[in-house]
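Enquirer: What follows is a structure written as structure tokens; I'll ask about it next.
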Amino acid sequence: MLSELKLLLLNSNSFQGGIPTTIGNCSKLQHLALYDNQLSGMIPGEIGQLRALETLRAGGNPGIHGEIPMQISDCKALVFLGLAVTGVSGDIPPSIGELNNLKTLSIYTAHLTGHIPAEIQNCSALEDLFLYENQLHGNIPYELGSMHSLKRVLLWQNNLTGTIPESLGNCTNLKVIDFSLNSLSGQIPVTLSSLLLLEEFLLSDNNIYGEIPSYIGNFSILKQLELDNNKFSWGIPPVMGQLKELTLFYAWQNQLNGSIPTELSNCEKLEALDLSHNFLTGSIPNSLFHLGNLTQLLLISNSLSGQIPADIGRCTSLIRLRLGSNNFTGQIPPEIGLLRSLTFLELSNNLLSGDIPSEIGNCAHLELLDLHSNVLLGTIPSSLKFLVGLNVLDVSANRISGSIPENLGKLTSLNKLILSGNLISGVIPQTLGMCKDLQLLDISNNRINGYIPEEIGHLQGLDILLNLSWNSLTGPIPETFSNLSKLSILDLSHNKLTGTLRVLESLDNLVSLNVSYNSFSGSLPDTKFFRDLPAAAFAGNPDLCISNCYESEDGQGIKSIRNIIIYTFLGVVLISIFVTCGVILTLRIQGESNIVGKGCSGIVYRVETPMKQIIAVKKLWPIKKEEPPERDLFAAEVQTLGSIRHKNIVRLLGCCDNGRTRLLLFDYICNGSLFGLLHEKRLFLDWDARYKIILGAAHGLEYLHHDCIPPIVHRDIKANNILVGPQFEAFIADFGLAKLVSSSECSGASHTVAGSYGYIAPEYGYSLRITEKSDVYSYGVVLLEVLTGMEPTDNRIPEGAHIVTWVSNEIQEKRREFTSILDQQLVLQSGTKTSEMLQVLGVALLCVNPSPDERPSMKDVTAMLKEIKHENDDFEKPNFLHKGMVTNPKAAVHCSSFSRSCEPLIIESTSSSSS
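Going letter by letter, the sequence shown gives residues 1 to 915 in full-length UniProt numbering.
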């Protein structure tokens, strides 16, 4: 008899449909586990009839929606209530306070709104309160202070305001406080000094100000302290040196001043220290480099001075060292060569002098070496040839002399080589042609002479920039340059080059060319690209015929070459790789029918696990024998991706690498990409659905830019890389994988470069430096795509213009009503929302401003979108008109995570449950 049932465990299957109302007949049921299925519908009120129920776990079912039934308060025996990773919405019912036996309330990554009810104080047994990743607003209730059993309070990523309640000081059993990603203000209350059992104190990304309280030094078992992205001022209290268990201290992006206290070196277990973007002065304490566990030291953008201590060689655990944008002087200490685990060394924008120490060649795992904008002298050390894993070498804007070492050609993993703005002489070594992965080569503004070696033309991966300008190069452009079919920017200006430009005719992806002030002759190639270039691109070539040398299609010749602002849309058109797939251990793939996509990095499969879960598995293409081993790089990249946790970012579940096969496991997102929904016309998205998608994508980008350490620039935001879940949730995909893909194997790997054609910010053509504002521009293009229903370079746009140019012209010329810019089918179906669409159009135009400094941050973009349609209002169910039958959407498979720092499984993956 079901009425006698006490235990019902149905978790981790593929059950569909709703929770039956007849569940209320199981009057003696004590434990109900429904988590990690594909259930939908509302939680029936009959659940309140289960008076003996102690455990209710229904998380990991995104299709469950609606409000938490008031009748839940009748389950007086309830100890554990888990509805995480569901679509439950509305307020937390005040009657929740009647659950006096409740120990765990876990409703994270859902759609809760309203306030946290004060009545929750009556849950006197509550130990764990997990309400993060919702849309809760208002103050953190003062009444929490009466809940003396509380151990963990995780409220991060909501819309909470007000101050941290002083009453929390009464909760002396607290171990974890995470109020990050809210809008809290005020100071840290002095009453919190009584929380002597705290292990994690996380307040990132709020508006908290004042001093870092000195009583924190009494938290003797504190392990993580995150205060970044606030308004803390004054100095770092020396008493922090008493935190013997501290492993992580983040205080970047505040207003801290004074010096770095030497007492921090007493934190013997410290692994990560980030004090970047403050106003710190003085020198780096020598003793800081005596910390045997320190792996990350980031002090970027302060006013630190003095010399980099020679004691740095003692800190052999260091993996990332970033001291850029300070006032350090003296020489780079040769002791850096003792840091054999170092992967990032960034000392740019300082006043460092002397030679580059040859000992840097001993840092065998180095991936990035950035020394630009100092006053370094001497030559490029030949020992750099030992850095076989180096991806980026930037020593530009120094006073380096000598020649380019021939053995740089041994750096076969090099993606970017920037030597510009120095005193380098001699010839370009032919061996650079061996750097097959080079995407950017800039040796401009030097004293290099001789011919351009034909081997440069063999760098077929060169797709961002080739800049040889302001040198003394002679001879013709090598015929092999016709192979550079992916190149976007070519600058050969201010040299002594001769011959014709005929060899450049086949470079179809060029968006910027400058050959001025040489001795070129003959006529220009007869292509639209050359006809549209500004005259300045050819100036100073008296024998070069740039007008009336041939007739154009209209018979009038080139009468003038107009000046243009180059809105460069770099990269190549990339077939969407938002899904890929492979086989792992017990997972079985049968036939081509399971393939859901192929990309330049591998094949994507839709896989059903033995537990009947659907996931996406990407099987990366095998590494060629002649390529260097990448297994360590693969694992490091997986750990980076695994540290990202956000409801609007596709989740990495795990990986497998046995030396021959490399697999990545992701959530399977059933509705595919935004591009597919917009342009492949499988279904029509009304305005509410489109709005939910763009707002979700904005939240994801805001997290990458403002909450990740260091901030993550996606570099390839486009409609193809925004996946859409069953409830029209947005998931940003395909970021951080550039190092996993060999660009020499893939003609379309624009995401490994700096974006995709049509989405690239214009400043990239000039500065070649990607910032968060570059992502903002790309996101603005996506907004225009959503509003107009057209691709960035849609063939419906007159004269082959770009969508940004077309929209701007339409608005400026006022030839039509602004609503004519919008997708007319969208206006027809959602006409009452036209004003909202036009407001979003205004946000899009701010995002695509040609000047990056004038663009808003993603935090501002998200705030503007929320203001247009208040998040507190429930979204109407999106209406979609089928064009034929659409496959029944299945809920995305989620892994549970109680903190943003959890990482995926390495080698073998099995999904965790959501409670």
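For each residue, glycine too, the CB sits at the ideal point set by N, CA and C. All figures in this text were calculated on a predicted structure; none of them were measured in a lab.
So if DSSP puts Asn218 in a beta bridge, which residue, or which two residues, is it bridged to?
Expert: None; Asn218 has no bridge partner.
Enquirer: For the region 364–377 against the region 385–403, do three or more pairs of beta-carbon atoms, one drawn from each stretch, fall closer than 8 Å, so that the two count as touching?
Expert: yes
Enquirer: Between the region 275–290 and the region 338–355, do three or more beta carbon pairs fall short of 8 Å?
Expert: no
Enquirer: With DSSP as the reference, label Gln16 as helix, strand or coil.
Expert: strand
Enquirer: Look up Ile464 in the DSSP assignment and say whether it is helix, strand or coil.
Expert: coil
Enquirer: Which of the three DSSP states is assigned to Thr22 in this structure?
Expert: The answer is helix: DSSP assigns Thr22 an H, G or I state.
Enquirer: Any beta-carbon of chain C closer than 8 Å to the one on Glu263?
Expert: The chain labelled as chain C is not found in the depicted structure, where only one protein chain is given.
Enquirer: Is it right to say Ala891 is buried, meaning 16 or more other beta carbons lie within 10 angstroms of its own, or is it exposed?
Expert: Caution is warranted here: a pLDDT of 24 is assigned to Ala891, below 50, making its placement in the model unreliable, and the coordinate value is therefore given only provisionally. Flag for Ala891 reads buried.
Enquirer: With Leu376 and Leu414 assumed to form a contact (beta carbons below 8 Å), what rounded beta-carbon distance in angstroms separates them?
Expert: Incorrect: roughly 19 Å between the Cβ atoms, too far for contact.
Enquirer: With distances taken Cα to Cα, identify the nearest neighbour of Leu203 among Arg447, Trp252, Tyr215.
Expert: The option with the nearest alpha carbon to Leu203 is Trp252.
Enquirer: Residues bridged to Glu702 by DSSP?
Expert: Secondary-structure assignment with DSSP links Glu702 through no beta bridge to anything.
Enquirer: Let me check one thing: in DSSP terms, what residues is His111 bridge-paired to?
Expert: Ser89
Enquirer: So which of Asn398, Gly402, Leu462, Gly780 has the shortest CA-CA distance to Ser382?
Expert: The shortest C-alpha to C-alpha distance from Ser382 to any of Asn398, Gly402, Leu462, Gly780 is the one to Gly402.
Enquirer: Out of Val776, Thr819, Leu787, Gln812, point me to the one whose CA is closest to Asn849's CA.
Expert: With distances taken between Cα atoms, Asn849 lies closest to Val776.
Enquirer: Rounded C-beta distance between Lys76 and Leu56? I'm assuming under 8 Å.
Expert: Not a contact, Cβ separation roughly 13 Å.
Enquirer: Within the same chain, show all residues whose beta-carbon is closer than 6 Å to that of Glu346, passing over the 5 residues directly before and after it, in chain order.
Expert: Spatial neighbours of Glu346 in its own chain (CB-CB distance under 6 Å, excluding positions within 5 residues in sequence) are listed in chain order as Arg322, Gly324, Asp370.
Enquirer: Use the C-beta contact count for Asn293: other C-beta atoms within 10 angstroms, 16 or more gives buried, fewer gives exposed.
Expert: exposed
Enquirer: Considering only their Cβ atoms, is the gap separating Leu504 from Ala537 smaller than 8 Å?
Expert: no
Enquirer: Assign Leu5 to one of three DSSP states: helix, strand, or coil.
Expert: coil
Enquirer: CA-CA distance, Gly475 and His458?
Expert: If I take the Cα positions, the gap works out to 18 Å.
Enquirer: Are the region 686–700 and the region 603–618 touching, with three or more C-beta to C-beta distances below 8 Å?
Expert: Touching, no, given that fewer than three Cβ pairs across the two stretches are closer than 8 Å.
Enquirer: Would you identify the three-state DSSP class for His65, choosing helix, strand or coil?
Expert: Strand, per DSSP.
Enquirer: Kindly list the residues whose CB is nearer than 7 Å to the CB of Glu263, restricted to its own chain and excluding five residues on each side of it in sequence; keep chain order.
Expert: Pro238, Met240, Gly241.
Enquirer: Can you grab the Cα-Cα spacing for the pair Asn509 / Val713, in whole Å?
Expert: 24 Å
Enquirer: Taking the beta carbon of Gly97 as the centre, do at least 16 other beta carbons fall within 10 Å, making it buried, or is it exposed?
Expert: buried
Enquirer: For Ser778, report the span of its alpha helix (DSSP H) as first-last.
Expert: 772–788
Enquirer: Put Thr661 into one of helix, strand or coil per three-state DSSP.
Expert: Thr661: coil per DSSP, three-state reduction.
Enquirer: Could you pull the start and end residues of the alpha helix (DSSP H) that Gln839 belongs to?
Expert: Its alpha helix (DSSP H) spans residues 834–847.
Enquirer: Any chance the region 685–692 sits against the region 268–275, with 3 or more Cβ pairs inside 8 Å?
Expert: no
Enquirer: With distances taken Cα to Cα, identify the nearest neighbour of Met42 among Ser89, Ala84, Tyr779.
Expert: Ser89
Enquirer: Could you check whether the region 200–214 touches the region 225–232, counting it as contact only if at least three pairs of C-beta atoms, one from each stretch, sit closer than 8 Å?
Expert: yes
Enquirer: With DSSP collapsed to three states, give me the class of Ser27.
Expert: DSSP places Ser27 in coil when its eight states are reduced to three.
Enquirer: Return the residue from the list Leu299, Phe232, Lys231, Leu243 that minimises the CA-CA distance to Ile260.
Expert: Leu299
Enquirer: Within the same chain, show all residues whose beta-carbon is closer than 8 Å to that of Val724, passing over the 5 residues directly before and after it, in chain order.
Expert: Ile669, Asn671, Gly672, Ser673, Leu674, Leu677, Ile693, Ala730, Phe731
Enquirer: Determine the contact status of Asn446 and Ile424, defining contact as a CB-CB distance below 8 Å.
Expert: Yes, Cβ-Cβ distance for Asn446 and Ile424 is below 8 Å.
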